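*Asks:*
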Amino acid sequence: MSALPNPTDSPADALREWLAPFRRVFVLTGAGCSTNSGIPDYRDADGQWKRTPPVTYQAFTSDARVNARYWARSFIGWPRIDDAKPNGVHLALADWESRGGVSMLLTQNVDGLHQRAGSRHVIDLHGRLDGVVCLQCRAESPRSALQARLADANPDWVNLDATTAPDGDADLDGHYFTRFTVPACEACGGMLKPDVVFFGENVPKDRAVRAGEALKASDAMLVVGSSLMVYSGFRFARMAHEAGIPLAILNRGRTRADELAALKIEEEAGAVLSAALG
Numbered sequence: 000m001s002a003l004p005n006p007t008d009s010p011a012d013a014l015r016e017w018l019a020p021f022r023r024v025f026v027l028t029g030a031g032c033s034t035n036s037g038i039p040d041y042r043d044a045d046g047q048w049k050r051t052p053p054v055t056y057q058a059f060t061s062d063a064r065v066n067a068r069y070w071a072r073s074f075i076g077w078p079r080i081d082d083a084k085p086n087g088v089h090l091a092l093a094d095w096e097s098r099g100g101v102s103m104l105l106t107q108n109v110d111g112l113h114q115r116a117g118s119r120h121v122i123d124l125h126g127r128l129d130g131v132v133c134l135q136c137r138a139e140s141p142r143s144a145l146q147a148r149l150a151d152a153n154p155d156w157v158n159l160d161a162t163t164a165p166d167g168d169a170d171l172d173g174h175y176f177t178r179f180t181v182p183a184c185e186a187c188g189g190m191l192k193p194d195v196v197f198f199g200e201n202v203p204k205d206r207a208v209r210a211g212e213a214l215k216a217s218d219a220m221l222v223v224g225s226s227l228m229v230y231s232g233f234r235f236a237r238m239a240h241e242a243g244i245p246l247a248i249l250n251r252g253r254t255r256a257d258e259l260a261a262l263k264i265e266e267e268a269g270a271v272l273s274a275a276l277g
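No gaps in the numbering here: position 29 of the sequence shown is 28 in our numbering, and each next residue is one more.
1) According to DSSP, simplified to helix, strand and coil, what is G46?
2) Starting from F235, trace the alpha helix (DSSP H) in both directions and tell me its first and last residue.
3) With a 10 Å radius around its C-beta and 16 neighbouring C-beta atoms as the bar for buried, classify T193 as buried or exposed.
4) With H, G and I counted as helix, E and B as strand and the rest as coil, what does DSSP make of A260?
5) Would you tell me roughly how many angstroms separate the C-alpha atoms of V109 and H125, rounded to the nearest one?
6) With a threshold of 16 other CB atoms inside 10 Å of the CB of E212, please say whether the residue is buried or exposed.
7) When DSSP labels each residue in this structure, what does H125 get in the three-state scheme?
8) If we call anything under 9 Å between Cβ atoms a contact, is Q135 one with G189?
9) Determine the closest residue to A116 out of L92, T254, A207, with distance taken between C-alpha atoms.
10) Given that a residue counts as buried once 16 or more other Cβ atoms are within 10 Å of its Cβ, and exposed if not, what is A260?
11) Can you tell me which of the three DSSP states I80 falls into?
12) When you compare each of R68, V223, G99, M238 to G29 by their alpha carbons, which one comes out closest?
13) Shortest alpha-carbon distance to K215 belongs to which of R23, A13, A138?
14) How big is the Cα-Cα spacing for L276 and W95?
15) Cα-Cα, which of W156, W77, V157 is closest to V131?
16) Alpha carbon to alpha carbon, how far is R255 from D155? Give it in angstroms, no decimals.
17) Pick helix, strand or coil for A169, following the three-state DSSP scheme.
18) Look up D155 in the DSSP assignment and say whether it is helix, strand or coil.
19) Excluding the 5 residues flanking G46 on each side, which residues of the same chain have their C-beta closer than 8 Å to its C-beta?
20) Thinking C-beta only, is I244 closer than 9 Å to A219?
In structure tokens:
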């Protein structure tokens, strides 16, 4: 493990010094990376929910009212995700990858902003909101096509506006979601779902295995903008610790892996990364 940075160093200097011995770093990112792109996060500085937890897979698939509520809120919230632009975090990590510093970028985010910034070696741990999958025939389709179908089926909802919420959601209190029509799969009539991992679902095994193999082949691990409160992300920090792979965390607030980290920096990630990696 590398020597700890001097405590008098600036956050950027501390991170730069810590990263210096490592050639290929495994990076895990979370919701804190996208807040400066206008996409809110779920948790506060203590790792607690800021709002009602997301809908579960079980509720989405078994309760028509929950399903309609999800798609109505998503219909209003999706354009903000679709229009979001990469910020300094995404750009700094993409540039670092282009110079060979990143072995793999594993993101818990579903917004695709790392790819829009230019990152190529990306595993979307929880999937992507810009895709839709049929739960019956497994046909895949772009979210843009479903957005058009939702608009055609619900013309009275087209001009509604609402406060942006995490992961393409929007706050629409006071509306009757039973009046919102959700189209079925055009191929088989099955139920459509965004191609993301809901709470209550498991990350696809092959995706987790690929990420684990990339981590084991890396010199160090850097967590950016994630509290790691969800086990699907935390397990990679634990895996790094158990394998003797040095771990650093750049995140405002407490994380589940603080005790495992050789370096913890609680600052705005974009500014620190830009200065440390530039």
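Backbone N, C-alpha and C define an ideal beta-carbon position, used for all residues, glycine too.
On a predicted model such as this, the values are computed, not experimentally measured, just so you know.
*Replies:* Once the coordinates are examined:
1) Indexing the sequence shown from 1 puts residue 46 at position 47. Reliability fails at G46, whose pLDDT of 46 lies under 50, so the model's placement of it is uncertain and the value that follows must be treated cautiously. Three-state result, G46: coil.
2) Within the sequence shown, the letter at position 236 stands for residue 235. Element bounds for F235: 230-241.
3) Numbered from 1 along the sequence shown, position 194 holds the residue referred to as residue 193. Note that residue 193 is Pro in the sequence shown, not Thr. When all chains shown are included, P193 counts as buried.
4) Within the sequence shown, numbered from 1, the residue matching residue 260 stands at position 261. In this structure, A260 counts as coil in the three-state DSSP scheme.
5) In the sequence shown, counting from the first residue as 1, residue 109 sits at position 110. In the sequence shown, counting from the first residue as 1, residue 125 sits at position 126. Computed Cα separation, rounded: 6 Å.
6) Your numbering for residue 212 matches position 213 in the sequence shown. Answer is exposed; the Cβ neighbour count stays below 16.
7) Your numbering for residue 125 matches position 126 in the sequence shown. Three-state result, H125: coil.
8) Counting from 1 along the sequence shown, the entry for residue 135 is found at position 136. Counting from 1 along the sequence shown, the entry for residue 189 is found at position 190. Cβ atoms of Q135 and G189: closer than 9 Å.
9) Along the sequence shown, one-based indexing puts residue 116 at 117. The candidate whose alpha carbon is nearest that of A116 is L92.
10) Translated into the one-based positions of the sequence shown, residue 260 becomes position 261. It counts as buried.
11) Taking the first residue of the sequence shown as position 1, residue 80 is located at position 81. In this structure, I80 counts as helix in the three-state DSSP scheme.
12) Translated into positions along the sequence shown, residue 29 becomes position 30. The shortest Cα separation from G29 among R68, V223, G99, M238 belongs to V223.
13) Along the sequence shown, one-based indexing puts residue 215 at 216. Per the Cα distances, R23.
14) As a first step, residue 276 must be located in the sequence shown, where it is residue number 277. As a first step, residue 95 must be located in the sequence shown, where it is residue number 96. About 7 Å.
15) Numbered from 1 along the sequence shown, position 132 holds the residue referred to as residue 131. Comparing Cα positions, the closest option is W77.
16) Along the sequence shown, read from residue 1 onward, the residue named residue 155 stands at position 156. Along the sequence shown, read from residue 1 onward, the residue named residue 255 stands at position 256. Rounded to the nearest angstrom, the two C-alpha atoms are 44 Å apart.
17) As a position in the sequence shown, residue 169 is number 170, starting the count at 1. Below a pLDDT of 50, predicted positions are generally treated as unreliable, and A169, at 48, falls in that range; no measurement from the model is reported.
18) Position 156 of the sequence shown holds residue 155. It is helical.
19) Here residue 46 refers to the residue found at position 47 when the sequence shown is read from its first residue. With a pLDDT of 46 at G46, under the threshold of 50, the modelled position of that residue is not reliable, and no figure is offered here.
20) Here residue 219 is taken as the residue at index 220 of the sequence shown, counted from 1. Here residue 244 is taken as the residue at index 245 of the sequence shown, counted from 1. Closer than 9 Å, so yes.
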